[in-house]
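Chemist: Numbers given in the working numbering equal positions in the sequence shown, counted from 1, plus 12. C-beta: ideal position from N, C-alpha, C; glycine also. What you are looking at is a predicted structure, and each value in this text was computed from that prediction instead of being measured.
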Amino acid sequence: MKRVITAVTTVLLSGSLFAAEFDTKKLDELYSLIEKNNAGMGSVSIFKDGKEVYQRSIGYADIEKKIRAKNNTRYRIGSISKTFTAVMLLQMVEAGKLSYSTKISVYFPSIPNASRISVEHLLRHRSGLFNFTSLPDFGSWMFTPQSRAELLSRLSKLETIFQPGEKTEYSNTNYVLLSMILEKVSGEAYAELLQQRIVKPLKLRDTYYGGKITEEKNAAYSYFKKGDWQKTPESDMSIPLGAGGIVSTPTDLNHFFSALFNGKLVSKQSLIHMKTLVDGLGMGLIEFPYYEQKVLGHNGIIDGFQSNAGHFEDNNVTVSYISNGTSMGVNDILIGTLNLYFGKAYEMPIFSAAIVVPTEKLQSYVGTYSSPTFPLQIVIRIEDGVLVGQATGQSAFPLEAYAEHMFRFDQAALKIAFEPENSVLILKQGGGEFRLTRE
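(1) Please state the DSSP three-state secondary structure of residue 320.
(2) So, do the segment 306 to 316 and the segment 236 to 248 have three or more beta carbon pairs nearer to each other than 8 Å?
(3) Out of curiosity, what's the CA-to-CA distance linking residue 401 and residue 61?
(4) Using the Cβ count rule (16 or more neighbours within 10 Å means buried), how would you classify residue 155?
(5) Out of 240, 129, 216, state which residue places its alpha-carbon closest to the alpha-carbon of residue 186.
(6) Taking the alpha carbon of residue 340 as the reference point, which residue from 256, 427, 267, 378 has its own alpha carbon closest?
(7) For the alpha helix (DSSP H) containing residue 46, list its first residue and its last residue.
(8) Just the Cα atoms here: how many angstroms apart are residue 391 and residue 132?
(9) Quick one: residues in its chain with C-beta nearer than 7 Å to the C-beta of residue 288, no 5 flanking neighbours on either side, listed in chain order?
(10) Per DSSP, what kind of secondary structure is residue 367 in: helix, strand or coil?
(11) Hey, out of 99, 202, 42, 237, whose CA is closest to residue 360's CA?
(12) Under a Cβ-count criterion, where at least 16 other Cβ atoms within 10 Å of its own Cβ denotes burial, should residue 281 be classed as buried or exposed?
(13) So residue 146 packs on residue 355, CB below 8 Å; how close in whole Å?
(14) Starting from residue 97, trace the alpha helix (DSSP H) in both directions and tell me its first and last residue.
(15) Is it right to say residue 127 is buried, meaning 16 or more other beta carbons lie within 10 angstroms of its own, or is it exposed?
(16) What is the rounded straight-line gap between the Cα of residue 139 and the Cα of residue 271?
(17) Pull up the distance between the alpha-carbon of residue 98 and that of residue 135, whole angstroms please.
(18) Which two residues bound the contiguous alpha helix (DSSP H) that contains residue 161?
(19) Below 8 Å, can you find three or more Cβ-Cβ pairs linking the segment 321 to 334 to the segment 299 to 311?
(20) Taking the beta strand (DSSP E) that residue 312 falls in, what are its first and last residues?
(21) Can you give the beta carbon distance from residue 413 to residue 421, rounded, assuming they're within the 8 Å contact cut?
Below, the structure written as structure tokens:
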């Protein structure tokens, strides 16, 4: 649920889209290339008219035991869980159990501004409640079990950053509270509700609320690249709830989104309400542009997992990709996947070998960098012979050398250039360039 500076997961292109008789060999070539160059692990699925037309898995579910990823390998999907949660809330509204205007003080009077925050404010990220996963101490307790009472106590101490309805700002706090509301309204645990309301009706085979990762459940571990693949610690699943705690596969995600947009989970009116965008967000939905088309879906990050699922309504095409380890940006993988599926021009990626930099030379980059024009400090240090960066309040990320004084973190499309003689760091990401000076 935490991000590294920026989670780059939208697909931004221009041009025209047309239906395609796609070349599966080209898609296979792309994923084989990624796997051969050790640039990513995970699974992808493409649906057309509700049926799977392509599936591929690369890499390992468990590197230590050399268990290969398969089409039924299950991954944590992070914030795509929010779409499932929103669907169940809309179902409750349809059943008359609560309304969009219901104030959360009915359930949680201890939450700041509870008498002014509605269920719809939570669904649309317009509550003004601070995102608890951005708390400075979140990393110290994210791996420790939390009871509902403990979690609610933590959320009750959060600040409000704007008044309800004033603007939109993404916050995991909203969907953890929605998960607890679902439990209060139904009298059932979130995990059981998920089974009753979505998994069983859609006959999903590999979707459930997450717990400890085990081989018996065909569950993948997640990894990050720091020289070799390193296993990522597991967030305790008592914490994310319906904000990020579901486990699934790309195939099941496509079944879910295809069913949702084809009217099998909520009414037509509810779906219209869910898809109505305010500041680019719907209810548990995010809009991704691709050519002139608008794709509705969601993305997710939790531990070393990255996921993205989107539905093209005009074409009735659904695409989901889940990674349990990547050094190639997920956005780049998705652009390649979509361009090849829709028959657009695409050049296969070229992978260059990382440059090995001696530790004594890496020392010349170490320090804390800041700038009046950049909101975060960047700390550069060496861990196990690898240069590592960390922005204020965010997770550390390994930096890979690709030229003299030049480093990259492809997972977030981030590049850093050093001028050691001037004690300067130049950060480039998302079209922006920032010059920071060593303190």
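Modeler: In short:
(1) Indexing the sequence shown from 1 puts residue 320 at position 308. Strand at residue 320.
(2) Under the 8 Å Cβ criterion, the segment 306 to 316 counts as touching the segment 236 to 248, having at least three qualifying pairs.
(3) To locate residue 401, count along the sequence shown from 1; it is residue 389. To locate residue 61, count along the sequence shown from 1; it is residue 49. Our two residues, residue 401 and residue 61, have alpha carbons roughly 44 Å apart in a direct line.
(4) The residue you call residue 155 lines up with position 143 of the sequence shown. When all chains shown are included, residue 155 counts as exposed.
(5) Counted from its first residue, the sequence shown places residue 186 at position 174. It is 129.
(6) Along the sequence shown, read from residue 1 onward, the residue named residue 340 stands at position 328. Out of 256, 427, 267, 378, 427 has the C-alpha closest to the C-alpha of residue 340.
(7) As a working mapping, residue 46 is identified with position 34 in the sequence shown. Counting along the chain, the alpha helix (DSSP H) containing residue 46 begins and ends at 36 to 48.
(8) For the purposes of this step, residue 391 is taken as residue 379 along the sequence shown, with counting starting at 1. For the purposes of this step, residue 132 is taken as residue 120 along the sequence shown, with counting starting at 1. A straight line joining the alpha-carbon of residue 391 with that of residue 132 spans about 39 Å.
(9) By 1-based counting over the sequence shown, the position of residue 288 is 276. Same-chain partners within the cutoff: 294.
(10) Here residue 367 is taken as the residue at index 355 of the sequence shown, counted from 1. Reduced to three states, the DSSP call for residue 367 is coil.
(11) Walking along the sequence shown from the start, residue 360 turns up at place 348. Here the closest residue by C-alpha is 42.
(12) As a first step, residue 281 is located in the sequence shown; it is residue number 269 there, counting from the start. Looking at its Cβ environment, which holds fewer than 16 other Cβ atoms inside 10 Å, residue 281 is exposed.
(13) Here residue 146 corresponds to residue number 134 of the sequence shown, with the count starting at 1. Here residue 355 corresponds to residue number 343 of the sequence shown, with the count starting at 1. Not a contact, Cβ separation roughly 41 Å.
(14) For the purposes of this step, residue 97 is identified with residue 85 of the sequence shown, where counting begins at 1. Note, residue 97: alpha helix (DSSP H), 93 to 106.
(15) Within the sequence shown, the letter at position 115 stands for residue 127. Counting Cβ neighbours within 10 Å, residue 127 comes out exposed, since fewer than 16 surround it.
(16) Counting from one through the sequence shown, the residue named residue 139 turns up at place 127. Counting from one through the sequence shown, the residue named residue 271 turns up at place 259. Between residue 139 and residue 271, the C-alpha separation is close to 29 Å.
(17) The count along the sequence shown starts at 1 and reaches residue 98 at position 86. The count along the sequence shown starts at 1 and reaches residue 135 at position 123. Each residue's Cα considered, the two are about 7 Å apart.
(18) Within the sequence shown, numbered from 1, the residue matching residue 161 stands at position 149. Taken as a continuous stretch (DSSP letters only), the alpha helix (DSSP H) holding residue 161 covers 160 to 168.
(19) With a cut-off of 8 Å, the segment 299 to 311 and the segment 321 to 334 count as touching, because enough Cβ pairs lie within range.
(20) For this step, residue 312 is matched to residue 300 along the sequence shown. Per DSSP, the continuous beta strand (DSSP E) segment holding residue 312 begins and ends at 305 to 314.
(21) On the sequence shown, position 401 is the one that residue 413 refers to. On the sequence shown, position 409 is the one that residue 421 refers to. Contact between residue 413 and residue 421 does not hold, since the beta-carbon distance rounds to 11 Å and is not under 8 Å.
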